[in-house]
Structures are given as C-alpha cells and as structure tokens.
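My numbering puts the first residue of the sequence shown at 2, with every later residue one more than the last.
A virtual CB, placed ideally from N, CA and C, is assigned to each residue, including glycine.
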Amino acid sequence: MSTTTPQISESPNATPPSPLVWRSYASGDVGDALTDWRHLEQRINDQSAACCSTWTDCWLHHYGKIVPHRILAAEADGRVRGMVLITEGVNQTFGRVPIQTRHIGTAGEPQPGSVCVEYNRLLVEEAWRVPFLHGIVEHLHRDSGWEQLRIDGFAESELEEWQANFPNADVRRRESRYFDFEKARQANSDVITQLGKSTRANLRRRIRQYGDIAVEWAESVAKADEILHELVQLHQARWNAVGELGAFASPYFSGFQRDAAIRLFLEDRAVLFRVMQGTQTVGCLYLLVDRGRLLDYLSGFVSFDVLPSPGLVCHYLCQEEALKRGYNAYDFLVGDKRHKENLSTDTNFLCWLEWSRPSWKMRSLQTMRTVKQRLREWRASSSSSESSNSKSEKSDS
Numbered sequence: 002m003s004t005t006t007p008q009i010s011e012s013p014n015a016t017p018p019s020p021l022v023w024r025s026y027a028s029g030d031v032g033d034a035l036t037d038w039r040h041l042e043q044r045i046n047d048q049s050a051a052c053c054s055t056w057t058d059c060w061l062h063h064y065g066k067i068v069p070h071r072i073l074a075a076e077a078d079g080r081v082r083g084m085v086l087i088t089e090g091v092n093q094t095f096g097r098v099p100i101q102t103r104h105i106g107t108a109g110e111p112q113p114g115s116v117c118v119e120y121n122r123l124l125v126e127e128a129w130r131v132p133f134l135h136g137i138v139e140h141l142h143r144d145s146g147w148e149q150l151r152i153d154g155f156a157e158s159e160l161e162e163w164q165a166n167f168p169n170a171d172v173r174r175r176e177s178r179y180f181d182f183e184k185a186r187q188a189n190s191d192v193i194t195q196l197g198k199s200t201r202a203n204l205r206r207r208i209r210q211y212g213d214i215a216v217e218w219a220e221s222v223a224k225a226d227e228i229l230h231e232l233v234q235l236h237q238a239r240w241n242a243v244g245e246l247g248a249f250a251s252p253y254f255s256g257f258q259r260d261a262a263i264r265l266f267l268e269d270r271a272v273l274f275r276v277m278q279g280t281q282t283v284g285c286l287y288l289l290v291d292r293g294r295l296l297d298y299l300s301g302f303v304s305f306d307v308l309p310s311p312g313l314v315c316h317y318l319c320q321e322e323a324l325k326r327g328y329n330a331y332d333f334l335v336g337d338k339r340h341k342e343n344l345s346t347d348t349n350f351l352c353w354l355e356w357s358r359p360s361w362k363m364r365s366l367q368t369m370r371t372v373k374q375r376l377r378e379w380r381a382s383s384s385s386s387e388s389s390n391s392k393s394e395k396s397d398s
C-alpha cells in the first residue's frame, strides 16, 4: 500500500500533442456520452472487448443505478481523443473493513454480481495516451471522496504508466494462459499437435469415449440465444449442486450478460459455442472477441457424473474450430483450472492494482494485514520445521 502522493510521470523524448480539454457528462447525457464513445471507438478502430461502447452501454444500463459513476471525455483540436468511465465502488472492503474506492472501467460492483472485467483498458487515441492518463490521475487526485484506487484486470504491459503515477502501489499479478494460434499456423499444425503428450492422449481417449460428437458455432441470433439460455442452466446447475447460488442468481449480472452477449454477438464481438453428444449437451461456451483473440468468459458444462472431462473436450473442440476461423489466440483468462494449463501454450499476466491514500485508517489496516501475513508465514514455517524434525527423529530411531 502506498503512503506517498500520486505523481505525474513524464515520458522521455515524447512530443506533446495539442493540449487536452476535459469535460464531464451530466447524468442525463449518458446517451450523448455513449454516442461520442462509439464514434471514437470506430475512428481509432479499437477492437477491445471490455472498453467497447456496447459493453459499456450494457453495464451502465444494468449497474448504473446502483454504482455511482461519471464519464469523462478529453478533446483536442475539436475531436474527442479519449474517454473513460470512473466508478465509485459499492460495498468494497479492505479485509472486512468498509472503505471508499474508485475504479477505472466497468468495475466496483457489489459482490456477488460483478462482471469481473479482464483485459480492461483505456479507450484513447495512441498519440494522446500519456497526457490522457495524466489527466485522469489529476482528476482522481482532486476527488477527495476515496480512500483506495483500484485498477482492475489490466494487462501487465498496460499497467506501467499507472504504476509510475501511483508509486508503491500493491499489484496482484495473475496468470492468463492462452493458446497461440499464430504459432500453430506457422508450424502448419492443428491444435492437438501443439499440446503436451499426456493431454493429447487424454483428449483422444475422451473423444473416442464420447463417440457421436457435434459442434455448433452460432451463426444466427436465434441459435446464439438458445446456446446462451442453456449455458445459464448448466452453469447454475453445476453451482447449485455444490450448495452455491451461481453467478446468474444476481439479477444485475444475469441481465447484463443476457443483454451484452446478444448485442456483442451481432457485432461479431462474441461467440456462442456448443458441443453435443447425440442429444446430450456436453457444454456451452460464451467467448468475447478482443483484438482478434477469443476470451473464455463464461461457460456451462454437464455434470462429471454424466460425461468425463466436459470442459476439456468443449474447449479443445472450440479451439480447433477457432483456428480454422482465423482467430489469433484462445485466452482462458485467470483462474486455476487444470484444462487451462493443459490446453494452453503461452501465458500473459493480468494485474489488479491498489493504491491507498495516506491516512491513519489505511495505515492501520495495512499494518494489521502485514501482521496477519507474517503470523501465517511464521505458523507455516513452524509447522514445516516440526514436520522435518519428526521425520528426522523417525529416521534416527
């Protein structure tokens, strides 16, 4: 946790473009803001999923009434050069203590029910990226209502400027494994050939076990909606079976996903995919299209009691189809599931940054967190030492 003041980091050898003029949209001007957002997105040909106008529009429609927010635009030479959504976190905590937070992009929702944004980023014309980020930092610095800034789900490569402006911030890095289709094409290879020996053997065995398999890549709104509906049912059934509510139990989350999936599908920004074994659904996938990459966003699979390894089989078959359709990569996003490791060839890192304003409250909370961490480390070390001593005594006896 930082205890210093935000700094404006200067990039060496950068030629400054025209100065930016900032404006904030009133709550009744969201329609105008989204129109400007869409025009900027189209003009600079930004193909990101998590900061596109449709994703943002859907989020504002479903979460905007419960998550306070503001939309800022930066203009130069009569054109909008960058736009950003800043949200005020709802029911956010540091440990168990409530704190006031600010977030960049579609984040800060109350839990459960967050859309869990990944590959979050700024929508800005490249020549204005640095001054645009500096302007956001200055805006945040003038806002006295928050205790902690959270930058959620940014790629590590796009976090450096944030870190430069918020020194000593806490950054949590998480692996985002992916399969590189470009490498497979260069090797004139299919997907399975690029995987490990044991994974290849396991996949071939499962495919033989399944027998009659069919894949469906939605090409119509009706089919996309049908697959999405079944995905929700499978997803909820899997979580309910272990005593959990499931993500779609949240009306905000459910409404957002049903709305966004179809709208993004119509713009070729989302893929709905299903695998069938005869009349039995194996699983359904909802993937976002982000700059030529497929992002494994949501899924629903039949129970392991019905079919073995449904997730592994569904993702593999989707990968083979995606390779044929010209995508650049298949990204499994964060999360520790075995199939993500088995079906990937490379790794990116996504980051969650936290920077706390200096105050007695935040210093106290950080001190308590540090003490707890060190206590856990001491207990783990003591337990390990006792185990080693016990083994040594047994070997001596």
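Selected residue, minimal CA-CA separation from residue i, among the options
{"i": "R209", "options": "R97, L308, V372, M84", "result": "L308"}
{"i": "A165", "options": "I263, T194, R175, V131", "result": "V131"}
{"i": "S287", "options": "I100, D260, D306, S54", "result": "Ser is not the amino acid found at residue 287; the sequence shown has Tyr there. The option with the nearest alpha carbon to Y287 is D260."}
{"i": "I228", "options": "R186, S251, L273, G212", "result": "L273"}
{"i": "G284", "options": "A242, L232, G244", "result": "L232"}
{"i": "A219", "options": "I100, A128, L267, F254", "result": "L267"}
{"i": "L141", "options": "E110, V31, E245, R71", "result": "R71"}
{"i": "V216", "options": "S49, E321, T88", "result": "E321"}
{"i": "W163", "options": "S190, E176, A185, F133", "result": "F133"}
{"i": "A27", "options": "F305, G136, D291, L73", "result": "L73"}
{"i": "E176", "options": "Q374, V335, D30", "result": "V335"}
{"i": "V243", "options": "A50, S221, F305", "result": "F305"}
Inter-residue spacing [alpha-carbon to alpha-carbon] between residue i and residue j
{"i": "T36", "j": "T371", "result": "46 Å"}
{"i": "Q258", "j": "T282", "result": "21 Å"}
{"i": "W361", "j": "M277", "result": "58 Å"}
{"i": "D269", "j": "L289", "result": "9 Å"}
{"i": "A238", "j": "F302", "result": "9 Å"}
{"i": "A248", "j": "T102", "result": "23 Å"}
{"i": "V172", "j": "S365", "result": "19 Å"}
{"i": "P20", "j": "A77", "result": "6 Å"}
{"i": "I67", "j": "A188", "result": "50 Å"}
{"i": "R143", "j": "Q367", "result": "24 Å"}
{"i": "A108", "j": "G212", "result": "43 Å"}
{"i": "V91", "j": "I100", "result": "9 Å"}
{"i": "P265", "j": "R377", "result": "As written in the sequence, residue 265 is Leu, which differs from the Pro given in the question. L265 and R377: Cα-Cα distance of roughly 45 Å."}
{"i": "D297", "j": "V314", "result": "14 Å"}
{"i": "Y253", "j": "G106", "result": "17 Å"}
{"i": "K224", "j": "G79", "result": "43 Å"}
{"i": "T88", "j": "H230", "result": "30 Å"}
{"i": "Q43", "j": "C53", "result": "10 Å"}
Close Cβ partners of residue i (< 7 Å) along its chain, the five nearest in sequence each way excluded
{"i": "E11", "result": "At E11, the pLDDT of 44 sits below 50, so the modelled position is not reliable; the number obtained from the coordinates is stated separately. Cβ neighbours of E11 beyond the five flanking positions: none."}
{"i": "R178", "result": "F333, K341, E342, S345, T348"}
{"i": "N329", "result": "F182, E183, G293, R294"}
{"i": "A381", "result": "none"}
{"i": "V98", "result": "L366"}
Own chain residues within Cβ distance below 8 Å of residue i, not counting five before or after
{"i": "M1", "result": "Because the chain in this structure spans residues 2 to 398, residue 1 falls outside the shown range and cannot be described."}
{"i": "L160", "result": "I152, V172, C352, L354"}
{"i": "Q112", "result": "N92"}
{"i": "R375", "result": "none"}
Own chain, CB closer than 6 Å to residue i, minus 5 neighbours either side, in chain order
{"i": "G279", "result": "D213"}
{"i": "R24", "result": "A74"}
{"i": "R82", "result": "A75, E126, W129"}
{"i": "R275", "result": "E217, I228, C285"}
Problem - Inter-stretch contact at 8 Å, needing at least 3 Cβ pairs: the region 109-122 / the region 138-157 - result: yes
Exercise for the section: Examine the Cβ distances between the region 308-323 and the region 197-207 and report whether three or more of them are shorter than 8 Å. Expected result: yes
Problem - the region 138-151 touching the region 350-357, judged by at least three CB pairs closer than 8 Å - result: yes
Exercise for the section: Counting only runs of 3+ residues fully inside the region 169-257, write out the beta strand (DSSP E) ranges in chain order. Expected result: 171-181, 214-218
Exercise for the section: Report the residue ranges of all alpha helix (DSSP H) runs contained in full by the region 265-334; include only those spanning at least 4 residues, in chain order. Expected result: 311-325
Practice task
Enumerate, from N- to C-terminal direction, the unbroken beta strand (DSSP E) stretches of 3 or more residues contained entirely within the region 119-174.
Solution key: 149-156
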